[in-house]
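First to last, the protein sequences are chains A and B. To convert, note that position 49 of the first sequence is 139 in our numbering; the numbers rise steadily by one, no gaps. To convert, note that position 168 of the second sequence is 169 in our numbering; the numbers rise steadily by one, no gaps.
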Amino acid sequence: MTQSRWLPYALIAPAMVFLGIFFIVPLVQTIMLSFQGGSGFGLENYSKMVGDLNFGLAIKNTFLLVLTVIPLQVGLALAMGMMLQKMTAGRDVVLWIWTIPLGVSDLAAGLVWLALLQNTGYINSMLFAMGLIEGPTPWLNSETPVTLFVAVVLAEVWRATAIVLVILVGGLQLIPKEFGEAAEIFGAKPWTRFTRITLPLLKPSLQSALILRTVLAFEVFAVVYALGGRNFPVLVGEAYVWQRENQNYGVAAAYAVLVMIISLAATIFWLRALRTKPEAQA
Amino acid sequence: MTGPRRFLFVTGVITLCAWILVPIYLIALGSFGGRPAVFKWPKDWLPWNASLDAMLLFLRIEGVWNAAINSVIAAGLTMIFSILLGAPAGYALARFDFRGANAFRLLVLLTRAFPLAILALPLTVIFIKLGLYDTPFGVSLVHTALALPFAALVTASLFVGIPRELEEAAWVFGCTRWQAFTKVVLPLALPGVAAAAIFAFVISWNEVFAASVLTVRERTLTAYLLTVLSESPLHYRFAGGFILIVPSVLFIFAVRKYLFAMWGVSSK
Chain A
91 MTQSRWLPYA LIAPAMVFLG IFFIVPLVQT IMLSFQGGSG FGLENYSKMV
141 GDLNFGLAIK NTFLLVLTVI PLQVGLALAM GMMLQKMTAG RDVVLWIWTI
191 PLGVSDLAAG LVWLALLQNT GYINSMLFAM GLIEGPTPWL NSETPVTLFV
241 AVVLAEVWRA TAIVLVILVG GLQLIPKEFG EAAEIFGAKP WTRFTRITLP
291 LLKPSLQSAL ILRTVLAFEV FAVVYALGGR NFPVLVGEAY VWQRENQNYG
341 VAAAYAVLVM IISLAATIFW LRALRTKPEA QA
Chain B
2 MTGPRRFLFV TGVITLCAWI LVPIYLIALG SFGGRPAVFK WPKDWLPWNA
52 SLDAMLLFLR IEGVWNAAIN SVIAAGLTMI FSILLGAPAG YALARFDFRG
102 ANAFRLLVLL TRAFPLAILA LPLTVIFIKL GLYDTPFGVS LVHTALALPF
152 AALVTASLFV GIPRELEEAA WVFGCTRWQA FTKVVLPLAL PGVAAAAIFA
202 FVISWNEVFA ASVLTVRERT LTAYLLTVLS ESPLHYRFAG GFILIVPSVL
252 FIFAVRKYLF AMWGVSSK
């Protein structure tokens, strides 16, 4: 059929053009914008960005968050995934409950944990009832950076573990049951079966979960704002402030480029760290 | 599993369910309890004082209702655009072997390695020139860039799952390619396409950064909440958070069967 020569191109053309306009063009523009300063083309915006008081803090906070949140999420999602594998009755209901946060925005998740952690909030009420605190106690202001950090971690783990879970459950379902059964016959203990069979075969799913989550984690912003306002600077939050409040698009673009470079580096890191040979795939 | 091990297992599952559900229940308490509930010390754990009034009061604040409508418009448009553009691409990826298919796949995957919402920053300038700035339509264009890659990959995996032979049989019986598609393939794919559409809606409904950067007066709900965050009283913030959560939770329930098609390895 001659039709089938041009048809696929006609079908992908609209999507291709759209992504060209709204992905490639802004990408190039962001990079250009970040090099355009008052005195022409140069690194002015970058030196302004690095010279800003909040810059070091934002870098430190963002990386600390990513390095804490991602391992917790992967560990928790793996545990949940293995539990679902063992479950017979009620599996669908449990899976639905565990994936509810998939639909919750980062802003909403921040507000949820604000309700729990504010001065007269539910966690304080509970601590009060247990006799651990004497009255309403603040956790989320600039004098309590450690608990504010913990709060952001809690909200992020609460909200975004679901996406890791869904990807991993999808991967677990692809692993043939026979592998585990054969290992069991040869006397492998559950932990050995998990580390020697499940984990290696889960590598492709782990990889896509980690790429997706790491890129999104470096974009963390609304959760932090909902919980602590400006008390806890993060990279994308700084980009937002430079654009909105300082009306300085150049520095905002420099932050955007920095976040893109970090995301790209993280993606390449996971692609290499969890490389699977084609013949080793399940 | 037997005895104590089974007990431990069940306890673990229930604890993890509570970990998800209890915070949602508590923000609901916070948003229906109004001002008194926020400052009540120590807190009530049951909805003794909850009433609809607190929520209605929030909805009557100037700007909230308008923001909610803008969110629905932006999300609705995102849903339409990402399916109209994404589904044909998905069908092409599923049914044809053509040069450039891999390049397109790569482009789609590349979007995942970039923090896309941040790319809204330079768009403000162009949007102001084109009159798209501060409109739900402009926001929906950026949100479509976020949702389109998912729509394309999900629909591709749906169409792969529908045997090519069904379509070929229809051709043999004299259907044109278009007829075969609309009469045979589309009815089978429709529930999945609907799920992908709903998912696009949720992506847009929840997005904060691009929506905040691209609007000033015609804010979406997330953008509105973000800007009034520091000056609004706590019970309003909780009400806003609760309203953001409700539709998403219902939608996730509606698409739960397709979650794995959307995020599984097949869409990698």
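The C-beta atom is built at its ideal place from N, Cα and C for all residues, glycine as well.
query	result
Is DSSP giving Phe105/B helix, strand or coil here?	helix
Would you report the Cα separation of Gly327/A and Leu244/A, rounded to the nearest angstrom?	19 Å
Find the residues of chain B that neighbour Gly193/A, judging by a C-beta separation of less than 7 Å, and give them in chain order.	Val203, Ser249, Val250, Phe252, Ile253
Given a cut-off of 8 Å on the beta-carbon distance, is the pair Arg249/A and Val194/A in contact?	yes
Would you mind giving the Cβ-Cβ distance between Thr223/B and Val209/B, rounded to the nearest angstrom? I have them listed as a contact below 8 Å.	5 Å
On a CA-only basis, which of Val186/B, Ala19/B, Phe252/B, Pro43/B is nearest Gln163/B? Give me that one, please.	Per the sequence shown, residue 163/B should be read as Ile rather than Gln. The residue with the shortest Cα to Cα distance from Ile163/B is Val186/B.
For a contact defined as C-beta to C-beta under 8 Å, what are the partners of Trp188/A on chain B?	Leu17, Cys18, Ile21
Would a C-beta distance cut-off of 8 Å place Val242/A and Val313/A closer than the cut-off?	yes
Got a sec? Which residues, its chain only, sit under 7 Å from Leu117/B by beta carbon, not counting five neighbours each side?	Ala146, Leu147
Along the chain, which unbroken stretches of the beta strand (DSSP E) at least 3 residues long are found entirely within the region 137-214 of chain A?	none
I'd like to check one pair, Thr120/A with Val347/A: are the Cβ atoms closer than 8 Å?	yes
Should Tyr212/A be flagged as near chain B, meaning a C-beta pair shorter than 8 Å?	yes
Return yes when the Cβ of Ile199/B is within less than 8 Å of the Cβ of Phe252/B, no when it is not.	yes
Does DSSP classify Gln119/A as helix, strand or coil?	helix
Using a threshold of 8 Å, state whether the C-beta atoms of Ala93/B and Pro98/A are closer than that.	yes
Jot down the residue ranges of each uninterrupted alpha helix (DSSP H) in the region 252-282 of chain A, minimum 4 residues, whole runs only, in chain order.	267-275
So with CB distances below 8 Å, who are the chain B contacts of Leu155/A?	Chain B residues near Leu155/A: none, gap ~15 Å exceeds 8 Å.
Just checking: is the beta-carbon of Met170/A within a distance shorter than 8 Å of some beta-carbon in chain B?	yes
Please report the straight-line C-alpha distance between Ala307/A and Leu154/A, rounded to a whole angstrom.	11 Å
Is it true that the region 267-278 of chain A meets the region 231-240 of chain A, where meeting means three or more beta-carbon pairs spaced less than 8 Å apart?	no
If we require 4 or more residues per run, which alpha helix (DSSP H) segments fall completely within the region 8-60 of chain B?	35-40, 53-60
Can you tell me where the alpha helix (DSSP H) holding Ser298/A begins and where it ends?	293-308
Taking C-beta pairs closer than 9 Å, name the residues in chain A that Thr145/B reaches, listed in chain order.	Phe108, Phe112
At a Cβ cut of 9 Å, what residues of the region 224-238 of chain B count as close to chain A, listed as they run along the chain?	Leu226, Leu227, Thr228, Leu230, Ser231, Leu235, Arg238
Helix, strand or coil for Gly132/A per DSSP?	coil
Count the other C-beta atoms from every protein chain shown that fall within 10 angstroms of the C-beta of Asp98/B, then say buried if there are 16 or more, exposed otherwise.	exposed
Which residues does DSSP pair with Gly162/B in a beta bridge?	Gly162/B is not bridged to any residue.
Which runs of the alpha helix (DSSP H) spanning at least 4 residues fall entirely within the region 135-210 of chain B, listed in chain order?	137-161, 165-173, 178-181, 187-207
What's the gap between the Cα of Arg181/A and the Cα of Leu174/A?	6 Å
Please name the residue in Ala68/B, Ala240/B, Phe261/B, Glu169/B whose C-alpha comes closest to that of Tyr26/B.	Ala240/B
For chain A, is any of its Cβ atoms less than 8 Å away from the one on Trp42/B?	yes
Using a Cβ-Cβ distance cut-off of 8 Å, determine whether Tyr315/A contacts chain B.	yes
Could you give the distance in angstroms between the alpha-carbon of Ile352/A and the alpha-carbon of Thr304/A?	10 Å
Pull up the distance between the alpha-carbon of Phe105/B and that of Met350/A, whole angstroms please.	21 Å
Is any beta-carbon of chain B found at less than 8 Å from that of Gly319/A?	yes
In chain A, which residues lie with their C-beta within 8 Å of the C-beta of Thr112/B?	Leu109, Phe113
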